[in-house]
Amino acid sequence: MVFGSFKKLAVLAALAVAGATAQNAPYYNEHGILQVGAVEALNITAPLGVNRVDYVSNPMASYISVKFDNFDLPTGDVVIVRNPDSTEGHIYVGKGRGDLGAFASSPISGTTAIVEYYSTGATTPSSHSAYQIAGYVRGFQSQMESVCGAADQTKPAKCFTGTPYTKAQAVARLLIGGSSLCTGWLIGSQGHVMTNQHCVESAADAAQIDIEFGAESASCSTLCATSLGCKGTIAARSAKFIANSASIDYAVVQIASSAASTYGYLQFRASGPVKGEKIYIPQHPAGWAKRIVNTVDGGAAATITATGASNTGCGNNQVKYMADTQGGSSGSPVLSQTDNLVVALHHCGGCDNLAVDPRDVIKDLSAKGITIANISK
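Reading the sequence shown from the start, the letters are residues -22 to -1, 1 to 355 in mature numbering (1 follows the signal peptide of the UniProt record, and there is no 0).
In structure tokens, the structure reads:
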């Protein structure tokens, strides 16, 4: 979508070019989520009813996500966050994203985001503010990698054909709150998206989530090993929170049911995983273009190495397997190579990796009275 030019009745520009901060590379926060941006401070107040334009810029940024506080626009007023050439932009009204009042905008690629406030003039200008810009997320330009064994066995999704590639279309790249990266996937036929609780802890997280499908490299030989690289289609910029569990580490949000028709959907295997079965994992490691792993070093098939395992940091009844993942892979589906059903929900890195047994998720949803059509088979 191309955002057209708008007549500016009154312009107040505030150029915010921040100095380098100590954090300039992806890292894990206290919840174990991969962070691909750092929050920089700003203090800009937009008076109510007064048109204005603010420029938020940082030469080190790969993207900018503007952080708003006390966002409360009268009916008819709008805020547009866009890039300089108006080819990328987001519109906010009322209390903003997810009706939160305090939120991070969807990201704007590049080093500069322009924040435009347009008022209908129906509200008499006053000392009250329409919103504050409290800061912004500066997307990192450098990357990180951590794999099992001598070499990364994940490959671009385009290297796969047939059912594995088709099933991988239901897998999405998630950007939460402008800085946290995870993987999610459509489960069942009603637009539900499954990921980890440590990715989506609350309804506020769900309201500030960008869900991107089809973020793939153009060919098998193109790696696109860049966070948020090889852009796909943003199917939703906010989602309805359905349920989560910290002890199990799953979260479910919901977007339009049409997503399941467009991208397909995955299903849990109701009977759970089987030790020794061959698996594959479609994922967005480090927020890169979609990749799939189905082998370990030496070319042998990746397999389930244990079920019912316990881990002090990750929980009980864990599913174990040797397969390469990275930060950003949290929430990925672990599928059987035999029946292409989801036999585990990836959530803990390491060698072996650890995942949630789907039976625990199904049981917890049932206990909460939540029904998802075609959740399992």
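Where a beta carbon is used, it is the ideal one built from N, C-alpha and C, also for glycine.
From a predicted model like this one, the values you see are computed outputs, not experimental measurements.
- Take Arg116, set aside five residues on each side of it, and the residues of its chain with a beta-carbon closer than 6 Å to its own are Gly15, Ala16, Glu18, Asn36 and Ala39, in chain order.
- The C-beta distance from Asn48 to Ser97 rounds to 16 Å, too long to fall under 8 Å, and the pair is not in contact.
- Note on Thr102: under 16 other CB atoms within 10 angstroms of its CB, so exposed under the neighbour-count rule.
- By the neighbour-count criterion, in which 16 or more other beta carbons inside 10 Å mark a residue as buried, Ser236 falls on the exposed side.
- In the displayed model, Val252 falls within coil according to three-state DSSP, outside both helix and strand.
- Straight-line measurement puts the Cα of Ile353 at about 8 Å from the Cα of Leu244.
- Cα atoms of Ala112 and Ala80: separation of roughly 9 Å, rounded to the nearest angstrom.
- Around the beta-carbon of Cys198, fewer than 16 other beta-carbon atoms lie within 10 Å, marking it exposed.
- Unbroken beta strand (DSSP E) stretches of 3 residues or longer found wholly inside the region 174 to 232: 187 to 191, 211 to 214, 218 to 223 and 228 to 232, given in chain order.
- Looking from the CA of Ala146, the closest CA among Gln261, Val334, Cys208 and Ile220 belongs to Gln261.
- DSSP places Asp130 in no alpha helix (DSSP H); its state is neither H nor E.
- Among the bridge pairs identified by DSSP, Val115 is matched with Val17 and Ser43.
- Lys298 is bridged by DSSP to Ala284 and Leu332.
- Judged by DSSP in its simplified three-state form, Tyr143 adopts helix.
- 8 Å or more divides the Cβ of Phe46 from the Cβ of Gly67.
- For Tyr241, the enclosing alpha helix (DSSP H) stretches over residues Ser236 to Tyr241.
- Between the region 327 to 342 and the region 293 to 303 there are three or more inter-stretch CB-CB distances shorter than 8 Å, so the stretches are counted as touching.
- Leaving aside the five residues that flank Asn289 on each side, the residues in its chain whose CB is nearer than 8 Å to its CB run, in chain order, Gln296, Cys326 and Leu332.
- Counting C-beta atoms within 10 angstroms of its own C-beta, Lys136 has 16 or more neighbours from the protein chains shown and is therefore classed as buried.
- His106 is classed as exposed because its beta carbon has fewer than 16 other beta carbons within 10 Å across all chains shown.
- The continuous stretches of beta strand (DSSP E) do not include Ala3, and DSSP gives it neither H nor E.
- Between His176 and Ser83, the C-beta gap is not smaller than 8 Å, which leaves the two residues out of contact.
- Judged by beta-carbon spacing, Ile92 lies beyond the 8 Å limit of Tyr41, meaning their Cβ atoms are not closer than that value.
- Assignment of Ile340 by DSSP, reduced to helix, strand and coil, places it in the helix class.
- Residue Ala322 holds the alpha-carbon nearest to the alpha-carbon of Gly286 among Gln315, Ala301 and Ala322.
- Below 8 Å, enough C-beta pairs join the region 150 to 157 and the region 176 to 191 to call them touching: three or more.
- Scanning Val171, Gly305, Ile86 and Ala148 for the CA closest to the CA of Asp63 turns up Ile86.
- Counted as a single uninterrupted DSSP element, the beta strand (DSSP E) harbouring Gly162 occupies residues Ser158 to Ile165.
- Contact check for Ser310 and Ile259: beta-carbon distance about 5 Å, within the 8 Å limit, so the pair qualifies.
- For Gly250 and Leu313, the gap between their C-alpha atoms comes out near 11 Å.
- Annotation: the continuous beta strand (DSSP E) that includes Pro260 extends over Ile257 to Gln261.
- Excluding the 5 residues flanking it on each side, Phe138 has same chain C-beta neighbours closer than 6 Å at Ile270, in chain order.
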